[in-house]
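These notes are about the structure you will find just below.
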Amino acid sequence: MSVVTNTTTIGAIEAPSRRNTELALLAFAVVIPVFAYLNVGLAMDGKVPAGMAGYGLGLALLATVAHLVVRKWAPYADPLLLPLATLLNGLGLVLIWRLDQSPRLIALAKRQYGAFSESAPNQMMYSAIGVAMFVGVLLVLKDHRVLQRYTYISMVAALVLLLLPLVPGLGTDSFGAKIWIRIGGFSIQPGEFAKLVLAVFFSGYLMVKRDALALASRRFMGLYLPRGRDLGPIITIWAVSLLILVFENDLGTSLLFFGMFVIMLYVATERTSWIVMGLLMAVAGAVVVGSTASHVQSRVAAWLDPFECLKTAPPNSNMAYACDQMTQVLMSFGSGGILGTGLGQGNSDLIQFAANSDFIFATVGEELGLTGVMVFLLLYGLIIERGIRTSLAARDPFGKLLAMGLSGAFALQIFVVAGGVMGLIPLTGMTMPFLAYGGSSVIANWALIGILIRISDTARRPAPAPAPSPDAEMTQVVRP
Amino acid sequence: MNKPLRRVAIFCGLLVLALLLRDNWLQLVRADELNAHPKNRRVQIERYSNERGNIIVDGKPITGSVDSGDKFYKFKRTYLDGPMWAPVTGYASQAYDANQIEKIEDGILTGNDDRLFFDRTLAMFTGEKKKGGDVITTLSGAAQKAAYEGLGSKTGAVVAIEPKTGKILAMASTPSYDPSTFAGYSGKDEKAWVALEKDKNKPKLNRAIREIYPPGSVFKVVTAAAALENGKVTDINAATQTPEGWKIPLSNREMKNHASGCANASLKRALDISCNSVFAKLGDDVGRDKMVEMAEKFGFNAEQFTPVRSSASVYDKNADRGGNALSSIGQFNTATTPLQMAMVTAAIANDGKLMKPYMIDQLRAPNVDIIKQNEPEEMSRPVSPENAQLLQQMMESVVTNGTGGNADLNMDGVKVGGKTGTAQHGEKNAKRPYAWFISYAKTSEGSPVAVAVVVEDSAGTDREDISGGGLAAPIAKAVMKAVIKTRG
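Those sequence lines, one after another, are chains F and C. For the record, in the first sequence the residue sitting at position 250 is 250 according to our numbering, with numbers rising by one throughout. For the record, in the second sequence the residue sitting at position 155 is 155 according to our numbering, with numbers rising by one throughout.
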């Protein structure tokens, strides 16, 4: 009998790729929405819905394609991001389909547009395009650092995208906000895409300028104030944000862009003074716009006390309309209680306008209750957490900044939308990522997840083995 | 760059935390308030999402529920003889909420009451449609019809009570309204509602329990009861030592009588011909506090719940001596609902025992199980049986010898006691007076019915003709007759 000895050589520690974890989670992310779909059908018609098999297969197909692409082209990517996005997208489809079944919304559409068309099939198509976009990002973008080359092109592209809705003939003014453009029968919200392009620009710009912005400064009252010439970019972004607010009536987008910029500036320079300056400028902008723009005023009134404002606002005014909408949304949440009424059994369609887009979160609140809303918030929270973790793990400053910018923007968007519908902050017209009806939003958010996955793949990929040094002997570990 | 990154991560965490906290506040703390908010249509949607239970009189429903096929409110309330029964049922409108029984027993009628939990659960398994339970009232269709038709086009109210149980047999109020005209939420319903709201005659006001009128002379039975109970009068046939033109304390005015023969009249005679001087003096002899005590034992100064809430009738607790003397003859601040005067009459007819008036006999589940059976309940004993019988003698004398002749049923074995009243009101009594009549019928088995009638005003009647005996007594008579015929 001899003692078995086992001698191994340790190279670079192989990080587990976690692709199988992702696959298992994806199975849940497909099965849960299918059950939700069944639940809606049983609750509303008392029978298994006819479209369930098609819906389930469609979602499974999308998930499988996305998973295989990740497995092949981004094997070390974060395993949570894809299942989370799939789950949210799937549940969003169920909620939209549920609101499609509402006789009240059908009657409303017929009254307003003369015809009603279902939103869920369109959203399914948008989701497919979104996943295609996701696949495209992973295939085309082999290394996210390539994007650095397009820093200033991104800036121009972002400005064009943001200003497109203002072009006469192209932009459409619907319900007060000028954030859509119409091309060949499709409505596109360029702002959703501008979010991504702008993050690329900020990352590239800040990576280059961070030292100048951080170090060349004067100290004043305990704060490091930047030099005048370095102030240029922040003032430009601030002005553009205000322009969006004033000319496009889009409170949410301007808040989102400005917030994202301040966060990235802070991360890049590690200077608290930027945050103070950013907050001051945001407050100044908010005060100026808030005291002049009537639509902002009505939103604020609806936020402070919607029930009271409903009594005092002149009938049929924009303010009365905004307040009525807010009361409906709040009552929808209130009616949900702890466990909700159950899918398909609530009355969130009383919100009527934009029930399946801006206010889709109210349907979650009413039909899935406090429990459901908290689950959704935690799902979003997890996406944000994975994004920031990716940023922490990234090895290059550009990747760090880009991942942080995208996650920060995502977090701000969740806060602004969910906080808006729950009455925590004034309501702004933005959509809940993946949940709300709208092609631009779904496609842009899938692209965002794609970029995060690409960065996380690069970050978690084992470092290439160092070039072997001819002098050093191979290190050996001997285990008994 | 990792230090600021971690800080931003904490910031993002705080954003999510703020959302979580806000949601807890919204869906946990404020949920009930938002759920019950009058602007919340869900309450109404729920109310009309299933076939609503019925309100039942004499075993037959006086309400209905039709499937209107509407996208918001599936079922719509209908009413049989709406105007006649409106003071009892109240209304249940898709646009304007509900009131009275429709509101108070909404849980039973919609089937959402906790007591119906078992039925709901069972229905879930058997696949039956959820349905509301029924409310069975104590009312009598014949009495209600007599009351409503007796009032006719006049403005007024009638309440009839079964004295030995407190069951309300009739509750009519005119002008009335038809709750089915605004049961829906269409433009037509809105028009009907707005018209009713604007109507100067206030048809939606339930005069039987929600309006307080100066009672005038009918209040004298309360004063008589107080005088007997406090020993101020022991023999109802003895002279009361009252001069004609009794001087009101703390005032230079003298209390005048419309009738002649009031000087030193006996209590019985004074009630027969309704002498103001005698009763003002008796009220003064009894004193304010004892008068208040007696009135409150009969139910004054408190809201009554039948379970529909009535307004509180008033006997002034802070009046000076002069005010108290005037209050004792139903003037000054004294004001009463017709229900209150019916209670007074019922207590006297029931030998001094006042039963709590109620109008809901049973609550019934959709499967006909009885969920709740209301039993008669004693409220107080304002007068002793002996004194109650003396009061009965006097009131019967009013009908046979005095001002209440119009109420006599002329039936064998049925005695009728009553009291008329004509209450002046308005500046210098310029407005048309209210005509009052209270009465009860009594057989050898006790009293089956006590009625209070008030008629506010009658077009085409001369002022002199508005008197309790002329206008109100025939209505009371018709109601008593209807009760005796059907419930004998």
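By construction, the Cβ of each residue, glycine as well, lies at the ideal position given by its N, Cα and C atoms.
With a cut-off of 8 Å on Cβ pairs, the stretch 417-437 of chain F is not in contact with the stretch 455-463 of chain F, counting fewer than three such pairs. Comparing alpha carbon positions, the residue from G184(C), K204(C), M1(C), F118(C) closest to P366(C) is F118(C). The beta-carbon separation of K281(C) and T242(C), rounded to 5 Å, stays under the 8 Å limit for a contact. For R22(C), at least one C-beta of chain F is nearer than 8 Å to its own C-beta.
Taken in chain order, the complete alpha helix (DSSP H) segments of 4 residues or longer contained in the stretch 174-248 of chain C are 187-198, 207-210, 220-229.
Counting every other CB atom within 10 Å of its CB across the protein chains shown gives D134(C) a total of 16 or more, marking it as buried.
Residue pairing by DSSP places Q362(C) opposite I136(C), Q373(C) in a beta bridge. The DSSP-derived three-state label of S102(F) is coil. When I438(C), N230(C), N387(C) are compared, the shortest CA-CA separation from P215(C) is found for I438(C). Here Y440(C) is bridged, per DSSP, to G417(C), A450(C). Using a Cβ-Cβ cut-off of 7 Å, A418(F) is close to L19 of chain C, given in chain order. Distance from the CA of Y213(C) to the CA of L339(C), rounded to the nearest whole angstrom, comes to 11 Å. Using a Cβ-Cβ cut-off of 8 Å, A95(C) does not count as an interface residue toward chain F, since no Cβ of chain F sits closer than that to its own. With three or more CB-CB distances shorter than 8 Å, the stretch 404-412 of chain F counts as touching the stretch 10-27 of chain C. Boundaries of the beta strand (DSSP E) harbouring F186(F): 186-188, taken from the DSSP string. Secondary structure of I168(C) (DSSP, three-state): strand.
With respect to the 8 Å criterion, T155(C) and T126(C) are not classified as neighbours on the basis of their beta carbons. Here A160(C) carries a strand assignment [DSSP, helix/strand/coil]. Per DSSP, G287(C) is not a residue of any alpha helix (DSSP H), being assigned neither H nor E.
L343(F) sits away from A85(F), with the two beta carbons spaced by 8 Å or more. T327(F) sits in a helix when the DSSP states are folded into three classes. Between A199(F) and L406(F) a beta carbon distance of about 5 Å is seen, short of the 8 Å cut, so the two are scored as contacting.
Every alpha helix (DSSP H) of 4 residues or more that sits fully in the stretch 273-317 of chain F is shown, in chain order, as 294-304, 306-312. It is roughly 36 Å from the alpha-carbon of A226(C) to the alpha-carbon of A86(C). Distance from the CA atom of S203(F) to the CA atom of L401(F), rounded to whole angstroms, is 5 Å. At a cut-off of 8 Å between C-beta atoms, T458(F) does not count as an interface residue with respect to chain C. When secondary structure is reduced to three states using DSSP, I425(F) falls in the coil class, being assigned neither helix nor strand. Distances from the CA of P190(F) to each of L206(F), G399(F), L161(F), S441(F) were compared; the closest alpha carbon is that of L161(F).
Nearest CB-CB separation between S391(F) and chain C: below the 8 Å threshold. It is roughly 24 Å from the alpha-carbon of L19(C) to the alpha-carbon of G290(F). Residues of chain F whose Cβ lies closer than 8 Å to the Cβ of R42(C) are, in chain order, M331, S335, N347, L350. Every beta strand (DSSP E) stretch that sits fully inside the stretch 73-129 of chain C and reaches 3 residues is listed by chain position as 75-79.
When DSSP assignments are scanned along the stretch 184-270 of chain F, the uninterrupted stretches of alpha helix (DSSP H) that are 4 or more residues long and fall wholly within it turn out to be 190-215, 232-248, 251-269. DSSP places G64(C) inside the beta strand (DSSP E), whose first and last residues are 63-67. Here DSSP, grouped into helix, strand and coil, assigns S311(C) to coil. Taking CB atoms only, A123(C) has no neighbour in chain F less than 8 Å away.
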